[in-house]
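Reviewing the structure listed below.
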Amino acid sequence: MVWNTNLRWRLPVTCLLLEVALVVLFCIFVRYDPDADAHWMDEKLAGNISSDLENEFYYRYPSFQDVHVMIFVGFGFLMTFLQRYGYSGVGFNFLLAAFGIQWALLLQGWLHCYREGYILIGVENLINADFCVGSVCVAFGALLGKVSPIQLLIMTLFQVTLFSGNEFILLSLLEVKDAGGSMTIHTFGAYFGLTVSWILYRPNLHHSKQPQSPVYHSDLFAMIGTLFLWIYWPSFNSAVSSHGDAQHRAAINTYCSLAACVLTSVALSSALHKKGKLDMVHIQNATLAGGVAVGTAAEMMLMPYGSLIVGFSSGIISTLGFVYLKPFLESRLRIQDTCGIHNLHGIPGIIGGITGAVTAAFANSAVYGEEGCLNTRGLPSVLSTPPSDPQNLKLPGQGRHRLRRSSWCCRAGNTGARQAAPSLVSWPWGVSTLPSPPPGGLPESGEGGVGDKASVLQVLAAGSLPLGSWWSHPEKSRQGWGWGWGWTQALLRGN
Amino acid sequence: MVWNTNLRWRLPVTCLLLEVALVVLFCIFVRYDPDADAHWMDEKLAGNISSDLENEFYYRYPSFQDVHVMIFVGFGFLMTFLQRYGYSGVGFNFLLAAFGIQWALLLQGWLHCYREGYILIGVENLINADFCVGSVCVAFGALLGKVSPIQLLIMTLFQVTLFSGNEFILLSLLEVKDAGGSMTIHTFGAYFGLTVSWILYRPNLHHSKQPQSPVYHSDLFAMIGTLFLWIYWPSFNSAVSSHGDAQHRAAINTYCSLAACVLTSVALSSALHKKGKLDMVHIQNATLAGGVAVGTAAEMMLMPYGSLIVGFSSGIISTLGFVYLKPFLESRLRIQDTCGIHNLHGIPGIIGGITGAVTAAFANSAVYGEEGCLNTRGLPSVLSTPPSDPQNLKLPGQGRHRLRRSSWCCRAGNTGARQAAPSLVSWPWGVSTLPSPPPGGLPESGEGGVGDKASVLQVLAAGSLPLGSWWSHPEKSRQGWGWGWGWTQALLRGN
Amino acid sequence: MVWNTNLRWRLPVTCLLLEVALVVLFCIFVRYDPDADAHWMDEKLAGNISSDLENEFYYRYPSFQDVHVMIFVGFGFLMTFLQRYGYSGVGFNFLLAAFGIQWALLLQGWLHCYREGYILIGVENLINADFCVGSVCVAFGALLGKVSPIQLLIMTLFQVTLFSGNEFILLSLLEVKDAGGSMTIHTFGAYFGLTVSWILYRPNLHHSKQPQSPVYHSDLFAMIGTLFLWIYWPSFNSAVSSHGDAQHRAAINTYCSLAACVLTSVALSSALHKKGKLDMVHIQNATLAGGVAVGTAAEMMLMPYGSLIVGFSSGIISTLGFVYLKPFLESRLRIQDTCGIHNLHGIPGIIGGITGAVTAAFANSAVYGEEGCLNTRGLPSVLSTPPSDPQNLKLPGQGRHRLRRSSWCCRAGNTGARQAAPSLVSWPWGVSTLPSPPPGGLPESGEGGVGDKASVLQVLAAGSLPLGSWWSHPEKSRQGWGWGWGWTQALLRGN
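Residue numbers (this note's numbering), protein chains in the order written: chain F, 5 to 499; chain H, 5 to 499; chain S, 5 to 499.
Structure below.
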């Protein structure tokens, strides 16, 4: 960190203050949910649960660990492709994610799991906190090399807050289904990041980059990130789906979509290069678009061929975005997008929303089965199955949630209608608002008024920060640039 | 990709055509299996299944993700040890695997899960598709730096087809057990790859390699591949075994075998170096031979000490192969083996086949238990347990497959006999056929006629491709060489 | 390996002899435990077990694979931060761990799972063997660049032996709870390693290091190790906890503690740097202290805020240790600590012991529930739940261990007292004994006499080795230094 001494104490003080605040809030609000509490034994007797395996832990934990790898290794190393920002990419991503998951546990808890004065957390909350932070990692991708860790921490503070609000509106109020987070995680994160990048526009950004031999290795490091994201994406999209078939189906659909996406990305990357070469940037990013685009519909009856079609088109569109849209955004709209998140998360996210809307609109009992659409309220605990919704309301009393699941496909039909509204509306809207800072991610924009409210909040967020003035300060933000190199020096001296 | 303009459009067109064909075929044939279909609720009621945990997803998914990591990160990074072919290793492996898994889902589906006009896929199909592609990754190891992505895609198209046929003959017709794929995956892949390498022989292959400082880092990247392969191999060998003890046992046996293999590989590597140094190539490859060699017998009652003995010997033989056999193959038989797959997959695979044959031959009710050998047909669903066989015939009606499992150890005895035939025969045969292109992997060769049929098919495969002529065209294949470096340039310009 | 020819055969002979001995001992003693044996079918009938999912494999296997990644990739790559010792770090760690897990299976088996003349191993034994080896990897961190592989193998032989004895005394005799191994794994490993490092003190150790450009990449490689350790630590601390809530809770607590630790480590790292820069060494190591410090108490009702407090303080203390204590140890106490294990494992381990003691001391039926504290002996198998203890006595007859679980929280109270003793005593004791070789890890020291016995054993271990004289021989140990570079040469020539 190369900054002058009056900034000397900002990072330590910020980190410590934030962590102290988190400790206090956790002490007041956060407790274990019934599956993680020592009273689980009583819970089992009361609910006549025959095996410890019925503990939510065994349904979700393997997926949680996969998602955890994606957030910290996947997103972190994906950003090491710039030789000078390897440390920034991995290190800052580490820092913001570690802060973000704690803050997300609180916010998502207040909105979704607040019972009798306490937030009750279990493994599903950990997954959702990781999801929320994933959205911040996406946004960071547009700002790599432009921001200091303090700016990132403050951005995380606000983005996690807005994310949770947006998620609550979409999933709880409008009952939109978004298991893989195409809308809530990727689209929101991408346009939030582009907004901040637009605010922090700096003309000479990419002139300082000197491509040198390490670039070759930098790209191999980036491939580590790409591959772990690609491999674990089925877990990402299935982590919070309904137990049983929905979780199973989400993994299969994502697997198919990602495989198709790789072939079309390679095809376009080669076709668009004047000598037919492949561009590592496309291999590292566009190949993942299939996972983003199938997120919303992954747990639905999309059918394997449906997944292939989604992957097929998103790979093409994403690569086209990297070749034509990214330079356009920077040159005309003064939006710098270091990692091309608009092409990897923004547009594919919108495709995902639309796909989800269309798929949900075709839901009916022929497709989802009589039993699947029969309201299971009152059925014996044999059928008791926890709900799929990320906002999973865990009522302590009603431990096994036997009331919720069937509501999923029963309401799939009209959910489709509801889902169609924001998504389809968001498509033209998304394009038209790009020049100006978009209102906190497209998904919101559809739901009359919400988007506007969010945009106001966000402008406040960007404007009225304690360090707000700092953001657009050329002197300060240029210092952000020194980091990558600053760390190397720090190390040479530090060790 | 440095190639002249008349080749300019080949890769994009090939990729797009293949993917379009896959979409059409998936649309016609592929649906979800009962555990992944929304009718799972009805399934549960019908089968009187008490918990969603009985969904195949929860038995297999963690192993699936581990196998997925091995295919894309493990095999990919294992091939980055050559400084100039880091991109080729990781990138091409990514491309061929992404295509291969889709094609494998279709072929294995037609042969093993084709019901009432549809292929019904679930998590077990995903694992088997990854297995099939693993065999292609093995073959690619012999061709690293010699082939273009188009050649790889076409090779994948044919190898996956032959693999599925070979697998069907061995596992379905001859009812050979090969849970870890020592024969079907590793031996087949190795000799298929060596065959192609023999066809593509190029005299001055290794003269163009300039060892430079990055080599040091290249080898650390390769260690990433090695370690993830080593760590997750227990999942590889146990992924499709019977539920319960067989899966548990397969993991333990593989764990033991791999550990023993590391010590003997290190011992031989040091002993065979004139100054007692260790050779990173042995550390990266020979240490994995134990996993290959224990594959077939892993789920059987091999006993922990049996696993140690298998690992012990395979580590020694594999290292000897790297030191003495590899140069011999190249100089005398004109077979270039860039990554030494013959020593890591070929010979250990044969050891695995023999080990499996011997172990299976000693199977009896004393070892496997009365209950284990009693045919459970008609037992209450308490005992219903899905079968272990990779060819897992999922009859929609008979969801829980309660008819199959016990047949496993009951037939173990005569299976041993059947298994002994191909394996033991393949041993001398394998050696004797090395000079000439071996007939599509040894396992086939044993089963009178099949091998010959396969070899014919394969020669056709290599000969009558649309691009067949291209393969042996020196001008063209020399261009294959430009890739590693071409990508670096592409990147410097591309970014 | 640059050594003179009279040492030429030592490594091969050592490896082969050790492996042969292991094969013989496995042949005599090691068999499968009931869950992994083919008689599992009979087991199920006898125990009226309704599903294969009740097989221990499905409770533990995902956690096992995560721990496996930590040991081989996590610890291995964490030690690649020194540019010249990348191979040594990864390669030697690979070798010692592969040997250690086999030896640990035997020793822990004799002490904990020895029934009717046989050691019965299952997935839980594999996890505990990995844990034991983790302790050796910790010790290796202090010796990186100073020792030859033979020295490491011999150190492993002795450390695994002492570890198992120490573990048996703490967990079996004193019934101390240490699920995450703060005391048994981390503190023991750290002080064992520092003892050996003190014996092998070499004045000019760090003068030979030339920081060069690859350092930048070396640090990215080290981040791979850091992140995989950080991500999978929740699995590490929960892997052998009780089924159900304890395992669930251990994961949540570790997740929270690690997240808090990152922020305070960053804060201190920046605050203690004269220009406010961050030091990669702190990012790579101190951020993990939270996982170590929460190990013992993770499965207890520590409460999420309790975990945050533990992470908060351990991050601060660990970073302070790197800045002030490490140079002090080297300059004054002549203890070289290459990777700073005293700050990452030693001190946080002691904090973990104390935290566990305090938490356990407050255990009561209000916190753990009536049912949790009621002795479940004789309850129907509905409640049968395997025990949490690492020393898990698997009586073949009593397969489902229904007698053990509740004892956990029932004895939590007085366990607290017992636990408090060694831990609290160990705190001043630990400090006071640092200058002299500490008696084989602090946890022991508390239990009158044991510590002294162990220390005697350990001095014998360090002193009376076949190669004991070699250790302190300047000529020989200087050669240890040649390794990193020697391997590069070996490779350039070897390939």
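Here a beta-carbon is modelled for each residue, glycine too, at the ideal position from N, C-alpha and C. Quick caveat, the model's predicted, so the values are computed rather than measured.
Distance between residue 136(F) and residue 187(F), taken at the CA atoms: about 12 Å.
CA-to-CA, the gap between residue 337(F) and residue 61(S) works out to about 56 Å. Taking residue 22(S) as the centre and dropping the five residues before and after it, the same chain places the C-beta of 103, 157 closer than 7 Å to its C-beta, in chain order. By the C-beta density criterion, residue 234(S) is buried, having at least 16 other C-beta atoms within 10 angstroms. Here residue 305(F) is actually not in contact with residue 205(F); their C-beta atoms are around 44 Å apart, not less than 8 Å. DSSP assignment within the region 98-153 of chain S yields the following whole beta strand (DSSP E) runs of 3 residues or more, N-terminal first: 122-125. Within the same chain, Cβ atoms closer than 7 Å to the Cβ of residue 185(S) are found at 135, 299, the five residues on either side in sequence being excluded. Here residue 298(H) carries a coil assignment [DSSP, helix/strand/coil]. Annotation: Cβ neighbours of residue 57(S) in chain H (cutoff 9 Å, chain order): 55, 57, 58, 62, 63, 247, 248. Pairing residue 35(S) with residue 175(S) gives a Cβ-Cβ distance that is not under 8 Å. Per the Cβ contact rule, the region 223-234 of chain S is in contact with the region 269-289 of chain S (3 or more Cβ pairs under 8 Å).
Neighbourhood of residue 221(F) in chain S, by CB distance below 7 Å: 221, in chain order.
In the three-state DSSP reduction, residue 73(H) falls in the helix class (H, G or I). Relative to the Cα of residue 159(S), the nearest Cα in the group 86(S), 193(S), 37(S) belongs to 193(S). Secondary structure note for residue 12(S): it is in no alpha helix (DSSP H), with a DSSP letter that is neither H nor E.
Fewer than three beta-carbon pairs drawn from the region 197-204 of chain F and the region 49-67 of chain F are found closer than 8 Å, and the two stretches are therefore not classed as touching.
Among the residues of the region 176-209 of chain F, none has a Cβ less than 8 Å away from any Cβ of chain H.
Counted as a single uninterrupted DSSP element, the beta strand (DSSP E) harbouring residue 34(H) occupies residues 34-36.
Within chain H, no residue has its CB atom less than 9 Å from the CB of residue 341(F), the nearest being about 13 Å off. The beta carbon of residue 41(S) sits no closer than 8 Å to any beta carbon of chain F. What residue 309(H) touches in chain S, judged by beta-carbon distance under 7 Å, is 27, 30, 31, 34, going in chain order. Close partners of residue 372(S) in chain F (Cβ separation under 7 Å): 42. It is roughly 7 Å from the alpha-carbon of residue 69(F) to the alpha-carbon of residue 236(S).
Contact between the region 319-327 of chain H and the region 271-285 of chain H is present: 3 or more CB-CB pairs across the two stretches fall below 8 Å.
Counting only Cβ-Cβ distances below 7 Å, residue 352(F) has no contacts in chain H at all, with the closest Cβ about 17 Å away. Minimum Cα-Cα distance from residue 362(F) among the listed residues 251(F), 76(F), 302(F), 274(F) corresponds to 302(F).
According to the DSSP assignment, residue 330(F) belongs to the alpha helix (DSSP H) that extends over 330-337. Out of 98(F), 240(F), 313(F), the CA that lies nearest to the CA of residue 269(S) is found in 98(F).
Using a Cβ distance threshold of 8 Å, residue 312(S) and residue 261(S) count as a contacting pair.
Here residue 84(H) is near residue 226(H), since their CB atoms are less than 8 Å apart.
Residue 222(F) counts as buried, since no fewer than 16 other beta carbons sit within 10 angstroms of its beta carbon. Relative to residue 295(S), the option among 318(S), 141(S), 307(S), 132(S) whose CA is nearest is 318(S). Boundaries of the alpha helix (DSSP H) harbouring residue 251(S): 249-275, taken from the DSSP string. The beta-carbon separation of residue 140(F) and residue 106(F), rounded to 12 Å, does not stay under the 8 Å limit for a contact. Between the C-alpha atoms of residue 358(F) and residue 347(F) there is a straight-line separation of about 16 Å. Going by C-alpha positions, residue 355(H) is about 17 Å away from residue 308(H).
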